[in-house]
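As structure tokens, the structure follows; a few thoughts come after it.
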Amino acid sequence: MDTYPYQHAEGSLLYQEETYHFRFKGVGAATIALYNVPGEQYYFACTIEPSNQHWVYLPEVLRSFTSAGHNQLAEAGVTWPHAFFETREQALQTAIEIIEQLLTRYQSSL
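Taking the working numbering, the leading residue of the sequence shown gets 9, the next gets one more, and so forth.
What follows is the structure, given as structure tokens:
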């Protein structure tokens, strides 16, 4: 955190959170939380909404993940190159691609 611009006590941190909602093929599917620590890079956390109709077979363990969760999704064949991103757009695009890969793989109807 060499570029963090604020003085702070150990363990204290100011960060920004933005919330986005994602629709997959017209169906509300996921929430993406985008985080940015001032002077640092972006990262994300995603939560896929349960569906008893559209992606019934998506394992519970894959419904929530972060950009640092490479190991968690590798078993599902989903990989991406970075845990942190230079821009908001790069982070959001990666989150969208991961969600679409998972929902396409486990979709039961649409």
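For glycine and all other residues, C-beta sits at the position ideal for the given N, C-alpha and C.
As the structure is a prediction and not an experimental result, all values here were calculated from the model.
* To do: Would you give the residue range spanned by the beta strand (DSSP E) that A103 belongs to?
  => Looking at the DSSP string, A103 is not in any beta strand (DSSP E); the run it does join, the alpha helix (DSSP H), is R96 to Y114.
* Which runs of the beta strand (DSSP E), 3 residues or longer, sit entirely within the segment 40–72? -> 50–56
* To do: Apply the 10 Å Cβ neighbour rule to S116 and answer buried if 16 or more other Cβ atoms are within range, or exposed otherwise.
  => exposed
* Asked: For P58, which option in L66, F52 and V86 has the closest C-alpha, if you only look at C-alpha atoms?
  -> L66
* Where do the ends of the beta strand (DSSP E) carrying H29 lie? -> Q24 to F32
* **Strand pairing of V35, partner residues [DSSP]** => F32
* If you draw a straight line from the C-alpha of T11 to the C-alpha of S75, how long is it? -> 21 Å
* Asked: Among Q24, P13, Q15 and H29, which has the Cα closest to the Cα of I104?
  -> H29
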